[in-house]
Each structure stands twice: as structure tokens, then as C-alpha cells.
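Colleague: In the order they appear, the protein sequences are chains A and B. Throughout the first sequence, residue numbering follows our numbering, covering 225 to 521 in sequence. Throughout the second sequence, residue numbering follows our numbering, covering 4 to 234 in sequence.
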Amino acid sequence: MTVTPAVVEEEPTKKGLSFKLPLDETEMGLVAGIVAAIVVVFTGLPVVIKGIALILAFLWGMDSVRKTSKYGLGTGVPSIGVLATGFGVVGALVGLALAKYGSIDGVAYPAVLVGVILMGVIGLVSGILSNNEKVIAMKIPKLERAMMELGMAGTLIILLECSIVTGSLNFNAVVNQVLNTGLIAFMFIFTCFGLLHPYNACLGPDENRERTRMVAVEIAGLICAFLGFAMIILSSFSWELGSIVSVTISSPWKLWNGVSLLIFGLAVWAYFFRMFIKACMDEAYETVGTGMIKTIE
Amino acid sequence: MEPILIILWVVVGGLLASLGAHLLPVGGAPAAMGTATGIATGTVQIMLGAAMTGLFTAASAATFTDSLLLVALSGAIGATVMICVVMLMANILYTFGCGIVPVSGRVDVDPLTKEPQAPYKTPQTDGHGVPNVVYVSGMLGGFVGGFGGALMYFALLNYADFTAGTAAIGSLSIFVPNAIIAAYNIRGTIEGFHDPKFKRLPFAMVTSLVVSLLCGIMVVIASYLTVGGTM
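1. Given a cut-off of 7 angstroms on the beta-carbon distance, is the pair residue 221 of chain B and residue 314 of chain A in contact?
2. Taking the alpha helix (DSSP H) that residue 336 of chain A belongs to, which residues open and close that run?
3. Quick one: which residues of the segment 122-140 of chain B get their C-beta closer than 9 angstroms to a C-beta of chain A? List them in chain order.
4. Determine which residues share a DSSP beta bridge with residue 332 of chain A and list them.
5. Alpha carbon to alpha carbon, how far is residue 307 of chain A from residue 183 of chain B?
6. Helix, strand or coil: which one does DSSP assign to residue 104 of chain B?
7. Which one of B:98, B:219 and B:83 has the shortest CA to CA distance from residue 123 of chain B?
8. Return the first residue and the last residue of the alpha helix (DSSP H) that residue 417 of chain A is part of.
9. Since residue 58 of chain B contacts residue 174 of chain B with CB under 8 angstroms, what's their CB separation in whole angstroms?
10. Run the CB neighbour count on residue 503 of chain A, radius 10 Å, all protein chains shown included, and call it buried at 16 or more, exposed below.
11. Is the Cβ of residue 36 of chain B closer than 7 angstroms to any Cβ of chain A?
12. Nearest to residue 130 of chain B by alpha carbon, out of B:117, B:113, B:145 and B:139?
13. Give a yes or no on whether the minimum CB-CB distance between residue 299 of chain A and chain B is below 7 angstroms.
14. Counting contacts by CB-CB distance shorter than 7 angstroms, is residue 314 of chain A in contact with chain B?
15. Residues in the same chain with beta-carbon distance under 7 angstroms from residue 158 of chain B, minus the five sequence neighbours each way, listed in chain order, please.
16. Answer yes or no: does any C-beta atom of chain A fall closer than 7 angstroms to that of residue 47 of chain B?
17. With H, G and I counted as helix, E and B as strand and the rest as coil, what does DSSP make of residue 13 of chain B?
18. Who are the Cβ neighbours of residue 43 of chain B in its own chain at under 6 angstroms, not counting the five residues just before and after it?
19. In chain order, what residues of the segment 155-187 of chain B put their CB closer than 7 angstroms to some CB of chain A?
20. Name the DSSP bridge partner or partners of residue 131 of chain B?
21. Would you list, in sequence order, the uninterrupted alpha helix (DSSP H) runs of no fewer than 4 residues that lie entirely inside the segment 10-87 of chain B?
22. Along the alpha helix (DSSP H) that carries residue 397 of chain A, what are the first and last residues, could you check?
23. Out of A:518, A:516 and A:453, which one is the CA nearest neighbour of residue 488 of chain A?
24. Just curious, the alpha helix (DSSP H) that residue 288 of chain A is in, first and last residue?
25. Tell me the rounded alpha-carbon separation between residue 342 of chain A and residue 167 of chain B.
26. Residues of chain A with CB under 8 angstroms from residue 190 of chain B, in chain order?
27. What first and last residue would you give for the alpha helix (DSSP H) that runs through residue 188 of chain B?
28. Contact criterion: CB-CB distance below 7 angstroms. Does residue 350 of chain A meet it with respect to chain B?
29. Which chain C residues are close to residue 14 of chain B, counting only those with a beta carbon under 7 angstroms from its beta carbon?
30. Rounded to a whole number of angstroms, what is the C-alpha to C-alpha distance between residue 96 of chain B and residue 103 of chain B?
31. Cutting at 6 angstroms between CB atoms, please list the residues of its own chain near residue 440 of chain A, excluding the five before and the five after it.
32. From the DSSP output, in three-state form, read off residue 381 of chain A for me.
33. Please report how far the alpha carbon of residue 73 of chain B lies from the alpha carbon of residue 64 of chain B, in whole angstroms.
34. Give a yes or no on whether 7 angstroms exceeds the smallest Cβ distance from residue 264 of chain A to chain B.
35. Considering Cα atoms alone, identify which of B:120, B:162, B:52 and B:141 is closest to residue 70 of chain B.
36. DSSP on residue 112 of chain B, reduced to helix/strand/coil?
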């Protein structure tokens, strides 16, 4: 019986990281928050720019999940990601309801940011109650701030996704194209995973922030690709949903934007997936192939 | 639009979600190895699964009736059926797959059936599977949680005048933080109402009250601003 020899034979050299995003956690939060807020307000921007803002917002959310989950929540990392998305959807509903105030139709909706701020307040309150000695007493440092950031990042992410798909933040347009088509269910679960998966997948004794962020960018790229696909579908089809509402959208603008976002998302995903695998290989002590599994006769 | 009723039902739904999460048999990672009682996953996954099933049944009931009780009860039944099937399958896997008997780790004698538990427990573990008292507690948890979720759905659908899709995702989004805060309160694993950790319930209730009150106010704002629209 012959065994396939191991793939790697040279002595492994531990290289440094090939990739560094320059910002630390606080700077990342500020930059991502400001950029995402500006992009959310101006809905007329090309979708690829919205996609970049989406990636930044996911990085911000991932940082907050990471710094909270580091201390051990007792319920697993997924809980905090789902919490952020739950807050995000409620905040986005309020933001969308407020959007009509002071808006220039199809161009700018500054009032949606009120939803983000209100959700920050709710996040802060729940963080204070969760960390308070007399109430739930989780004893996690800076949980208040992290929960506030998660509420805000979640709201910004959901609003950005709605703005990408709809092209505006007009309440009725969003309800028709995102909520009534059921796209929101996909958005909910994808956003959950975008927030919780990077840290959940990478956690362990040798976890480091740079590598975890690569996963976050990669997943955000996949979500961009999915949203681009959704835009293509929404632009070229028209259908009736029972007697509730009829959706008839046919705009070449949306089709080309969708195609560009799909290509952008796939490119981001492919690049960062390759980078992540390379980083894992480089940082591991040794990577050996075991060959194919042999059956013993 | 009736703001008081919206806030009332959202708060009641949030409190019931919190109570339901405390009643469920959450085993977490130890249960996956067969060394703790309960279903082998976190509160979030169990509660989200139960709540979503409940919302499906509640939404189908809400298409042909305007009765709050009927919608809420159908949500509760959906969630109960889901959680019961999961607990039954967990028991089948544990008993026939791992060869261990369902036994509670927190009590020596089953409080409901008076069956002895301690002699059957493998030393150094925290119980296995889903024994009788835990099964009953899980059923109650599914019922209460599904009832709460469906109450919120009904309030959002009929009092806040949202469309079915908006109401479903809105009630799920309010349900989820309440269930997760309850999960933080029980620190991962719980067996049910006989577990000592169940005494921590009031802390989660206070937090849940505040969070769902704030979420209810948000819903009222959203509903008020879009009255007259096609929301």
C-alpha cells in the first residue's frame, strides 16, 4: 500500500501578514459610521460606492461583535450578531418612515439618520441594563458602547441594502420592492451572518483582527453579489403577488447597476477569499497534505 | 392606528418571549457532546426557529380571521409543534444513537413524575437528552414564546396597519433582542422551570420590559408617520 507523500516538504517559514487595514477599532467605527451615513443619505450614488460603504459598515459591526464576544457571552457569538440585525430592522423601519421629511426625491434623504440615532439610544439602554450589576450583570467591559455601535451599524447596513436594491429610500418603494417581495428575509439572515460569521469562524487562541476582517470583507462581497443579483431580477421581471400588490419595475439603470454590483461583489469575494486562505497558510506553523483517504484491504 | 394597544401588545409579547426563552431546554455546546440536558444549540437558534414557525402559522391564521386570540393561539401551536418535534428528535438521537438515557442533571427526582434521576446520570456530566420534566417545560416555553411572537405580529398587522411582510419582519426583529437578552440572563444553558437559574427571571423581565417598550414606541412612530400610505 502506497501513501501519497505530503504536499509541503520545504521547511515552513512564518511570514508576517501580507495585508493590513490601517485603522484601529475606534477610528474604524468613526470612518465607517461617517462614510456609511453619508452614502445612506445620498441614494443617487452608483451602487458600487454603496457597496464599498456596506463593506465598511460590516467591518464596523464585526469589530463590535469581536470586542464583545472576546470576553465570552455564554450563548455563543451568533446571539450578538442576530441582536444587531434585529435592532437594525426596527431602526431601518423608523428611518424609512421618517425619510420623507426634508428629502429631495431620489437624491437625498437626510432624515433616515434619525432612525440610526434612535436605535443607538435603544442599543445603549439595553447595553446599560445588560451590564448593570443589579440587572443582568454580564460584566463585559464596554458592552454599552458595543451594543450602541451594533444597533447603529445594523441600522446602517439594512438601510444601505434597501437603498442599493431600491435606488431610493422612499417608504412605499422600499415596501414594494424589499418587504413585500420577501427580499427582507434574505437580507435579515445574510446580515446576521455578515456580522456574526467572521468572528465565529475565526475565534480561537490565535485569532487576530486582520485575518477576521478579511472574512468580514469577503462576506460583505458575497452579500454585494447577492444584492446585485436581486437588482437584476427586480429590474427585468414584473409580477403580481396575489391580490396584495403588483410589482412592475423595468429600468435599464437598475439592470446595469445590478450587473456592476454583481461583478464588484464577486471580485471582492474572490480576492479576499484568496487572501484569507493565504494568510491562514502563512500564519499556520505548518500546512501538510494528508493525501487521499486509503481503504485498507 | 391605536398607539396604546400597539405598545401594550408589543410589551406583553416581549415579556412572553423572555419567559419562553427561560422555559426552553437549552443545552448549548455541552449537549452536543451528550454531557448536558437539552437541545444541542444556543437559545437564539431554538427561539428563532420556534418564533419563525409560530409566525408562519399566525400569519396564515391572520389571513382569514380578525380575532386576536385565534391568531395568537395558532402562533403558539406552531411554535409548540416545532419545539416538540425538535425535542423528540433529540431524544431519539441521544437514546438510539449515543445509547444514553434522558436524565435531568439539576434535580435528583423528577418534580412531575417523581422518577429518580440521579442513579441514571453518568458521573461528571450534567444530565443527558430531554427527560419528562424538561419536555413539559420546553412545550410550555414554545407555547409562551409563540404566543408572544404572534401577539406582536397581530398588533403590527392590525393596529399599526403594516403590510403582512413588514409586520412579520418587524415582530421577528422585536422578538429577537428580547429572546437574546433572556439568553444572556441564563448564561448559556438552562433546563426549564425547575432549574435554579430560572430564579433569575425577574432581571430579564425588567430589561425586556424596557427594550420592548422602546421598540413599541419606535413602531408607533413608524406607524404614525406612514398613516395614509400603503404601509
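For each residue, glycine too, the CB sits at the ideal point set by N, CA and C. As the structure is a computational prediction, the values presented were derived from the model and not from experiment.
Modeller: According to the structure data:
1. Their beta carbons are under 7 angstroms apart, which means residue 221 of chain B touches residue 314 of chain A by this criterion.
2. DSSP places residue 336 of chain A in the uninterrupted alpha helix (DSSP H) bounded by 336-355.
3. Result list empty, no residue passes.
4. Bridge partners of residue 332 of chain A: A:266 and A:328.
5. When only Cα atoms are considered, residue 307 of chain A and residue 183 of chain B end up about 7 angstroms apart.
6. In the structure shown, the three-state DSSP call for residue 104 of chain B is coil.
7. Its Cα nearest to that of residue 123 of chain B, the residue B:98 stands out among B:98, B:219 and B:83.
8. From DSSP, the alpha helix (DSSP H) with residue 417 of chain A extends over 407-426.
9. Right, the Cβ-Cβ distance comes to about 7 angstroms (below 8 angstroms), so this counts as a contact.
10. Around the CB of residue 503 of chain A, 16 or more other CB atoms lie within 10 Å, so the residue is classed as buried.
11. Residue 36 of chain B does not count as touching chain A.
12. For the residues B:117, B:113, B:145 and B:139, the minimum Cα distance to residue 130 of chain B belongs to B:113.
13. At a cut-off of 7 angstroms between beta carbons, residue 299 of chain A contacts chain B.
14. Proximity of residue 314 of chain A to chain B, defined by a Cβ-Cβ separation below 7 angstroms, is satisfied.
15. 8, 9, 12 and 13, listed in sequence order.
16. At least one chain A Cβ lies under 7 angstroms of residue 47 of chain B.
17. Looking at residue 13 of chain B - three-state DSSP - the assignment turns out to be helix.
18. Closer than 6 angstroms at the Cβ level, and outside the excluded window around residue 43 of chain B, lie 30, 34 and 35.
19. The segment 155-187 of chain B vs chain A, Cβ under 7 angstroms: 166, 168, 169, 172, 173, 176, 177, 179, 180, 183, 184, 186 and 187.
20. B:106.
21. Here the runs fully enclosed are 31-35 and 46-65.
22. Annotation: the continuous alpha helix (DSSP H) that includes residue 397 of chain A extends over 395-398.
23. It is A:453 whose Cα lies nearest to the Cα of residue 488 of chain A.
24. Counting along the chain, the alpha helix (DSSP H) containing residue 288 of chain A begins and ends at 271-293.
25. A direct Cα-to-Cα measurement between residue 342 of chain A and residue 167 of chain B gives close to 24 angstroms.
26. 298 and 299, listed in chain order.
27. For residue 188 of chain B, the enclosing alpha helix (DSSP H) has its first and last residue at 167-189.
28. Output row for residue 350 of chain A: interface = yes.
29. Of the protein chains in this structure, namely A and B, none is chain C.
30. Whole-angstrom Cα-Cα distance: 9 angstroms.
31. In the same chain as residue 440 of chain A, and ignoring 5 residues on each side of it, the C-beta atoms closer than 6 angstroms to its own belong to 282, 283, 286 and 422, in chain order.
32. Looking at residue 381 of chain A - three-state DSSP - the assignment turns out to be helix.
33. Take the alpha-carbon of residue 73 of chain B and the one of residue 64 of chain B: they are about 7 angstroms apart.
34. No, no contact with chain B.
35. Selection B:120, B:162, B:52 and B:141 evaluated against residue 70 of chain B yields B:162 as nearest (Cα-Cα).
36. The answer is strand: DSSP assigns residue 112 of chain B an E or B state.
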